[in-house]
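Visitor: Quick note on the working numbering: the sequence shown kicks off at 9 and runs consecutively.
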Amino acid sequence: NANDVKVELKAVHTKPQYYGYNSSRNEKLTSGETPVKHLGDLAKTAYSHNDKIYKTPALQVAPIKASTHLDVEHSQRSTSGSEAVGVFSVSGSTTVPFLHPGCVVDIHMRKPDSNETSYFTKVMVTEAVHEIDTIGHYTGSFESIAADTGYLPKPEFTEPIAQPQIATVIANADPEGQGRVQVRFDWQMNDTTHFVRVMSPDAGGTDQITQNRGYVAIPEVGDQVMVNFVHSHPDRPFVMGGMFHGGIGLGGGVDNRVKSIQTRSGHRIVFTEDESIIITDKSGNEIHLDTTGSNINITAPETMTLNCKNMNINVGENMTTTVGMNKSNSVGMNITETAGGNIGQNAVLNYSLNATNIMNIASDNFTYDATDIHKNASEGIEVAASKDYIQNSEQTIHNLSGEKGHNA
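(1) If we ignore side chains and look at the alpha-carbon of each, how far apart do G259 and G94 end up?
(2) Can the beta-carbon of P242 be found less than 8 Å from the beta-carbon of V235?
(3) Is it the case that the Cβ atoms of V233 and V191 are separated by a distance below 8 Å?
(4) For T87, which residues of its own chain have a beta-carbon under 6 Å away from its beta-carbon, when the five flanking residues on both sides are left out?
(5) Between G213, H253, H57, P109, which lies nearest to H231 when the distance is taken from Cα to Cα?
(6) Of all the alpha helix (DSSP H) runs that stay within the bounds of the segment 10-78, which reach a length of 4 or more residues?
(7) Classify Q171 as helix, strand or coil using the three-state DSSP reduction.
(8) Measure the C-alpha to C-alpha separation of G115 and E91 and round it to an integer number of angstroms.
(9) Alpha carbon to alpha carbon, how far is F193 from I169?
(10) Assuming D79 contacts G28 under a Cβ cut-off of 8 Å, what Cβ separation, rounded to an integer in Å, is found between them?
(11) Looking at the secondary structure, which residues open and close the beta strand (DSSP E) in which L297 lies?
(12) E164: buried (16+ other C-beta within 10 angstroms of its C-beta) or exposed?
(13) Here's the rule: buried if 16 or more other CB atoms are within 10 angstroms of the residue's CB, otherwise exposed. What is A1?
(14) Would you decide whether F203 is buried or exposed? Buried here means 16 or more other CB atoms lie within 10 Å of its CB.
(15) In angstroms, rounded to a whole number, what distance separates the CA positions of N342 and M251?
(16) When DSSP builds the beta bridges, which residues end up paired with E151?
(17) Suppose contacts are defined by Cβ-Cβ distances below 8 Å. Is S56 in contact with G100 by that definition?
(18) With distances taken between CB atoms, is the gap from V206 to R188 smaller than 8 Å?
(19) Between which two residues does the beta strand (DSSP E) containing D114 stretch?
(20) DSSP on V191, reduced to helix/strand/coil?
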């Protein structure tokens, strides 16, 4: 009840080697060898020959979104089995109208010019065609593979290739704290993606900076973003970056001279071509680098504090300090001031100088000029001159002492 039987033994590569990647754990996923066991002699022989013909595994990414090594292994095993069933096939015509895909058939070969048969092999029908003409004459044909592998041939279908798409950010509070976002494509109604990774121009980690090294800017909820897909796989989306649109885009001004970085709260860095760099926050603090005038201006509406271990200030020409009200200087140890020319100090009201010891030294002249000068000492006052000592007064000079004076 079968004729025109065709038995095929094929050379087929049956050694896929899949790999995957779990970004949440930063883990590369792999699988070992996944051989297929044929029970039939012919299929077993064909499979063993293929193993010798194709010795090098075909390394490729797993066609699924794998999360574990076991996912990769299962996918690889399925592909190995689908390829392995192709090494042996039987097809032919038949007069049996009961064959159907999936049924298992024992094939016996009849000896020429004899009714004696011998067992050939067991196959599983993968395709059956039944035809009856207008006079009721039946013809049929079938295709089959070895029935003992537990696998089916790989079905023919068009693999989906996901193209970049626009989406809207729905959430950016990653439950695992990895900086991922959840987006909704325009064709989705109430569904969203899972939390997906965000591309950055610089992202990594080092021994010193284990997390968030590089450029970190997670899209805000409501932002429009461009989403692409790893290996064009629809189950592996990632955010490429944000997209300006007519409602929020302002551009770079005339001649595209302005570049800027601005946060949600209003902190911003503005670059203007050949003119300035301005760093501001929402409270009014500002650092202005004037490129044209080669100046730097720092503005703080309230308090500015500088903390460091050592500080050196070098001024090539002039330095001016203006304080609206009070100024205090506190130094833990010594103060040294040196002027190449004059030092002038002016006080509208009082000038006080307090120290354990005070020494005034002038290489030439030392002059006091005041309406009244008072000198008080709890103990003694000593005045010495190498030459003359002169006291002048337009009126009276009084020398007062609780005891007698001494003239040496």
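Positions of the beta carbon are idealized from the N, C-alpha and C atoms, including for glycine.
Guide: Once the coordinates are examined:
(1) Distance between the alpha carbons of G259 and G94: 59 Å.
(2) Not in contact: P242 and V235 (Cβ atoms no closer than 8 Å).
(3) Against a cut-off of 8 Å, the Cβ pair of V191 and V233 comes out as a contact.
(4) P24.
(5) The residue you asked about is not His; residue 231 is Asp in the sequence shown. Of G213, H253, H57, P109, the residue nearest in Cα terms is H253.
(6) The segment 10-78 contains these whole alpha helix (DSSP H) runs: 49-61.
(7) Here Q171 sits in coil by DSSP.
(8) Contrary to the premise, residue 115 reads as Ile rather than Gly in this sequence. Computed Cα separation, rounded: 23 Å.
(9) Approximately 16 Å between the Cα atoms of the pair.
(10) A Cβ-Cβ distance of about 7 Å is found for the pair D79 and G28, placing them in contact under the 8 Å criterion.
(11) Start and end: 294-298.
(12) E164 is exposed by the Cβ-count criterion.
(13) Outside the modelled stretch of the chain, which goes from 9 to 416, sits residue 1, for which no answer is possible.
(14) Around the beta carbon of F203, a 10 Å sphere encloses 16 or more other beta carbons of the protein chains shown; the residue is thus reported as buried.
(15) Answer to the nearest angstrom: the Cα atoms are 59 Å apart.
(16) Paired residues: S99, E135.
(17) Taking 8 Å as the cut-off, the Cβ atoms of S56 and G100 do not count as close.
(18) Closer than 8 Å, so yes.
(19) Per DSSP, D114 is one residue of the beta strand (DSSP E) stretching across 112-118.
(20) It is a strand residue.
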